[in-house]
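Since the structure comes first, as structure tokens, the remarks are kept for the end.
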Amino acid sequence: MALRFEVRKTDPSGARLGRLITPHGVVDTPAFMPVGTAATVKGLTQQALEELGVQILLCNTYHLYLRPGHERIGRVGGLNHFMSWPRAILTDSGGYQVFSLAELREVSDAGVRFRSHLDGSEHLFTPEKAIDVQIALGADVLMALDECIEYPASHERARAAAGRTFEWARRSREHLAAHGSAAEQALFGIVQGGTYRELRQQNAEQLLELDFPGYAVGGLAVGEPHTLTCEMAAEVTARLPADRPRYLMGVGKPEDLADYVRLGIDLMDCVLPTRNARNGCLFTSQGRLLIKNARYAEDPRPLDEACTCLVCRSYSRAYLRHLFLAHEILAAVLHTHHNLHFYLDIMRRIREAIEFGDLAGFSAEFQARLEAEP
RNA sequence: UCCCCGGUAGCUCAACGGUAGAGCAUUCGGCUGUUAACCGAAGGGUUGUAGGUUCGAGUCCUACCCGGGGAG
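For the first sequence, position 270 matches number 270 in our numbering, and the numbering has no gaps at all.
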């Protein structure tokens, strides 16, 4: 088995403390996976990611297929070697691009026909193709191609997308098994169903029959209220086997991470810490800090006085604001470093809280600090 | 001293004689499996000055002021 998952402790809330054991090392869960779409977490070196304690990265099948090409990556030794990242990698299937590249694609039962956002060329992504690409990339965890829909979406549309996603999951699993890569690479199935409880339930139960080594909850955090995200995720996790990792795709805000963990989620990923960093939005224990605000022009304090990261130990808000307004590359580098440190620190403290049986205490303290006066 | 070109938002510049705009800058906001070092909103003008022509002038005419270039 490519992947082993051990639940070390389950909190009364439903939160799980665990270990995901991959061919490229152990991932302590619940874990946050930084997003490195094009085989890079924009602004950071792989060495910096290791130093930050990142144990698993998310990369994107569709983007790497287009550029530099999965076959090329395969020829030069696979994604880990190519990007010099020794730890675990999960590759997203391109399912999210079904949602985000809406004007550039056409979905059918066969698969998704994309027009490349780079050069306009046409490409057919089938579930099988997505697996082939991910086999070439060589990630530890593969995601089945799915259809992620917008919010709000009609029941009929959500039902159709969930059904298609299930059928694609079945084909993905078969294709991977036929290839024989299942020994090294673990495929996760994805539950869809929009914001409809019974669709989520049905889709989850259906997917269980395919017996995946891990399950993902997709199609959430696309604009619906947080409570609805939680409701849907809960609907799914309640039906998933306890001994398999659960991945809530594309979340979330710092203040929401513990909520998802309480629903029994083990893995999460989100572009917020990295993208917002580049756009000058810094996450701190006192809430969001928009570094371009004039009030920081001569502020000698670090971004977050409670933060121990390299950036907060060395640089003032005044300096970071200058770098950002001057469009200096270092602003993106330092901001990304800080935001990822912040996310990883939250996850570390959540794991400790589960271990010591005080997840509720952690959340209360966290919320109180976010609501405090900066 | 004369000739030519120019003077419009903080900056660089648009605007057939018909409601003065853009980019950047400034201020503020947004970003959830990255088409994103991105996107959006707001504030900001006696169009160098003073006259004139016209129903109506940033635009045409006159004088002056300022800047650049040329001639002597």
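Yeah, the Cβ is synthetic: ideal placement off N, Cα and C, and Gly gets one too.
For residue i, three-class secondary structure by DSSP
i, result
"V54", "coil"
"A144", "coil"
"L90", "strand"
"D132", "helix"
"D28", "strand"
"R301", "coil"
"G18", "strand"
"L187", "strand"
"V434", "The question about residue 434 has no answer here: the residues shown for the chain are numbered 1 through 374."
"R4", "strand"
"Y151", "coil"
"Q202", "helix"
"L359", "helix"
"G252", "coil"
"A221", "coil"
"A233", "helix"
"Y296", "helix"
"G78", "helix"
"E209", "coil"
"A368", "helix"
"L323", "helix"
"R72", "helix"
"T227", "helix"
"L137", "helix"
"R197", "helix"
"R239", "coil"
Limits of the unbroken alpha helix (DSSP H) element including residue i
i, result
"H63", "61 to 66"
"R113", "Segment 112 to 115 is the beta strand (DSSP E) holding R113; no alpha helix (DSSP H) there."
"R171", "155 to 179"
"I354", "329 to 355"
"V98", "95 to 100"
"Y260", "257 to 262"
"Y315", "Note, Y315: premise wrong, no alpha helix (DSSP H); not H, not E."
Under 8 Å between C-beta atoms of residue i and residue j
i, j, result
"T22", "D140", "yes"
"R317", "D299", "yes"
"E71", "A136", "yes"
"F342", "P273", "yes"
"H175", "P127", "yes"
"A376", "L207", "There is no way to answer for residue 376, as the model of the chain reaches only from 1 to 374."
"T61", "A130", "yes"
"A162", "G193", "yes"
"A216", "V251", "no"
"H338", "C312", "yes"
"A186", "L3", "yes"
"I291", "L320", "yes"
"E255", "L359", "no"
"Y247", "F188", "yes"
"F32", "D269", "yes"
"F324", "G287", "no"
"L64", "A38", "yes"
"V236", "A258", "no"
"L240", "T195", "no"
"C148", "G95", "yes"
"D266", "G36", "no"
"L90", "I56", "yes"
"T284", "L303", "yes"
"L340", "L79", "no"
"V333", "G43", "yes"
"C230", "L263", "yes"
"Q134", "L142", "yes"
"S116", "L145", "no"
Residue span of the beta strand (DSSP E) that contains residue i, given as start and end
i, result
"Y215", "214 to 217"
"L378", "Here the chain has residues from 1 to 374 only, and residue 378 is not among them."
DSSP beta-bridge partners of residue i
i, result
"C281", "L290"
"C270", "P34"
"Y247", "A216, L267"
"L49", "DSSP, once it has assigned bridges, lists no residue as partnering L49."
"K9", "L17"
The ligand MG heavy atom lying under 7 Å from the CB of residue i
i, result
"R200", "This structure simply doesn't include the ligand MG, nor any ligand for that matter."
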